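Input: a single structure, listed below in structure tokens.
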Amino acid sequence: MKARHAIGAACLGALVGCGGAPLPDAGFDAGSDAGVDAAGPRSGPMRSLVIALDGTRPDALAAARTPHLDALIAGTWRADYHAAYTPLAQNLYDAITVSGPNHATIMTGATSSQHHVTDNDDVGDGDFETNRHYLRLLEEDDPGRNTAALFTWAVDRVITSGADFVSGDSDADNVDRVVGMLDGTFSGPRWPAGTDPDAIFLFLDDPDHAGHAFGFEPGVPEYVAELEDVDAQIGRILDALGARPHLDEERWLIVLTSDHGGFGTGHGGSRAVEHTIPFLVAGRDVSPGRLPSFTRNADVVPTVLTHHGVAVPAALTGTARGSEVEAEGTLSPDLLRYHAFDGDLADAVGGAAGVASAGATVGADGGRFGGFATLEPGATIELPSLVVGDAFSVTLWTRARSDGTLLGDLDGTGWAVGVDAATFGATYASATDRVEVAALEPDGDAWHFVAAVYRDGALATMYAGPAGGALRAMAIDGRDLGALTSPSPVRVGPINGDVDDLAVWSRALTLDEVQRLFAADAVGSLR
């Protein structure tokens, strides 16, 4: 169906780094700079480790047991290493969501329109002289650097790395080699035992194989188990790195990301679950917290080159990550409308008059938080006109028993949040395409939290999760949607289901603010 632009909820487990307890209540303050070297960056060899995971969805990573990545993100791996992370990073939009173009981007920092790789079949036609592998740039800057490129997918060899050591072997064998490089025991062509690595690039392929075989979903045990195996491999690498005898004198940067997510057992489409990927930066000089909106895998190369003190090619459009994190909001400002449905339809914030019910009923108790509104098939609640401008957020709780609209403008030209084919989604009518996402099935007997966040020129994000469960999220490029000005009346429904604690904010809530709302008793309790 090509009519609107929809995003849906399909990510982020408990909205943590890669699995475990939610932020910011798990000892990791997303806005804190505690623990950063008080004296500023120290001198020492600048070294880097880039780990790219093929076909890794952040929500599945969050559903997996990943203690090593969790410790890295939380800053408990080493007290002097801090991390910035986002589970809402994006891959390429000028190519399909497959490995070829995204591998080329992770290695060169160039977009598809620059390196000319558009699919898995034309990697050999890519322009990797104009857009060189970042390891080549490091070697050109200082041929004395010791660099290594390790990957499993044979096609990656076409993207000449210029590295001292190159391996196109299995994931397990390459992990063994990286561990040996870090502890000084590995020797190979152009890599004598005891060589100090300056830059290591490792691409692990097995998550993608598991996704194609069993499904790219957080509820697929085989896929989650593979991500847990990857975490164990990363744990071995971190152990070897942490045991280096001169680590205190070195300044390592660790970057982790992916090429694409997946939908069902495939990828290559334009769904948010295919575009949304994890992105992690860790090091002594990294500011801890949430990476900013629109972090993308094109940011790997600028991030690493900047760490090494090497000039970033002017043509690259990515951003060096690690010094800027998203500020934590306070939730109280900019709450535009709030309907608690505690026995009536009143707006407790804006005092909006003219709320009308067409077949809906409101009870004083039995909802998620006291009262709630019940809508039988065809019933609606009409709210006064609402101009949301170029940024807005909608949050609510629902027990949806059918497809339908949870909230949206009456004439259908602005935006809508609803349930479609067992998928929570937000639709923005200023775009031309409808983007489907993986299903998060509603349950008419269980309350689900739903939030849609829009900011003109940035990401459009959808969140959903069951009461007492994990909150998921997924994002899509919202830069072409334009400002939303919807002066039409706003309608709850038509849908067969219940709605409670409906709030509209005149700004884009942050990921951590949404997490706080999901964990709160009600929006009213945070005011």
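1189 is the number of the first residue of the sequence shown in our numbering; add one for each residue after it. Cβ coordinates follow ideal geometry from the N, Cα and C atoms, glycine included. It should be emphasised that the depicted structure is a prediction, and the values quoted were computed from it without experimental measurement.
As assigned by DSSP and simplified to three states, the class of residue i
| i | result |
| --- | --- |
| D1307 | coil |
| D1315 | coil |
| V1367 | helix |
| T1583 | strand |
| P1409 | helix |
| G1712 | helix |
| G1592 | strand |
| S1236 | strand |
| T1549 | strand |
| P1212 | Low confidence applies to P1212: its pLDDT is 28, below 50, so where it sits in the model is not reliable enough to give any reading. |
| H1448 | coil |
| S1301 | helix |
| T1296 | helix |
| G1228 | Bear in mind that the predicted position of G1228 carries a pLDDT of just 41, short of 50, making it unreliable; the figure below should be weighed with that in mind. Looking at G1228 - three-state DSSP - the assignment turns out to be coil, as it is neither helix nor strand. |
| D1608 | strand |
| P1654 | strand |
Given residue i as reference, the closest of the options once Cα atoms are compared
| i | options | result |
| --- | --- | --- |
| R1378 | A1428, E1516, T1335, R1695 | T1335 |
| A1707 | P1654, D1686, W1693 | P1654 |
| A1658 | V1638, I1239, D1364, R1439 | V1638 |
| P1289 | H1270, D1268, A1271, F1316 | F1316 |
| V1443 | N1485, T1453, G1477, G1403 | N1485 |
| D1386 | P1395, I1425, L1370 | L1370 |
| S1581 | G1538, R1525, D1665 | R1525 |
| M1295 | L1690, E1701, F1451, A1240 | A1240 |
| L1426 | A1652, S1236, G1454, L1326 | S1236 |
| Y1651 | I1664, V1702, D1633 | V1702 |
| D1242 | I1261, R1253, G1449 | G1449 |
| P1565 | T1254, D1686, W1635 | D1686 |
| V1680 | T1445, A1544, Q1421 | A1544 |
| I1422 | G1712, G1656, D1633, D1359 | D1359 |
| I1664 | L1429, H1397, H1495, T1464 | T1464 |
Distance between beta carbons of residue j and residue i, contact taken as under 8 Å
| i | j | result |
| --- | --- | --- |
| F1557 | D1709 | 6 Å |
| P1466 | A1277 | 6 Å |
| V1607 | L1594 | 7 Å |
| D1689 | W1585 | 5 Å |
| R1643 | A1579 | 5 Å |
| G1350 | H1321 | 6 Å |
| T1483 | T1244 | Contact flag wrong, Cβ pair sits at about 15 Å. |
Beta-ladder partner(s) of residue i, from DSSP
| i | result |
| --- | --- |
| Q1278 | T1464, R1484 |
| W1440 | R1235 |
| L1323 | Per DSSP, none; premise fails for L1323. |
| A1259 | DSSP output for A1259 lists no bridge partner at all. |
| H1527 | L1690 |
| L1392 | L1241 |
| E1570 | A1544, R1679 |
| F1560 | G1551 |
| T1335 | A1387 |
| D1638 | Checking the displayed sequence, the identity of residue 1638 turns out to be Val instead of Asp. V1638 pairs with L1584, A1652. |
Same chain, Cβ closer than 6 Å to residue i, five either side skipped, listed in chain order
| i | result |
| --- | --- |
| R1439 | G1232, M1234, R1472 |
| G1456 | I1284, T1285, V1286 |
| A1534 | none |
| L1705 | T1583 |
| F1529 | V1550, G1559, F1560, A1561, D1688 |
Sequence-distant residues of the same chain with beta carbon closer than 8 Å to residue i, five excluded per side
| i | result |
| --- | --- |
| T1698 | R1478, E1514, A1515, E1516, G1517 |
| N1308 | V1286, S1287, G1288, V1343 |
| S1300 | L1280, D1282, A1283, P1289, A1292, T1293, T1306 |
| V1354 | A1336, A1337, L1338, R1345 |
| H1304 | D1310, D1313, G1314, D1315 |
| A1541 | P1572 |
| R1424 | V1363, V1367 |
Same chain, Cβ closer than 7 Å to residue i, five either side skipped, listed in chain order
| i | result |
| --- | --- |
| V1605 | V1582, L1594, L1595, G1596, A1614, V1638, A1640 |
| D1384 | N1334 |
| D1352 | N1334, T1335, A1336, R1378, W1379 |
| G1382 | G1372 |
| P1490 | G1297, V1500, L1504, G1506, T1507, A1508 |
| A1546 | A1567, T1568, E1570 |
Residue i: CB within 6 Å of a non-hydrogen atom of the ligand GTP
| i | result |
| --- | --- |
| D1522 | With respect to small molecules bound, the structure shown includes none, and the ligand GTP cannot be examined in it. |
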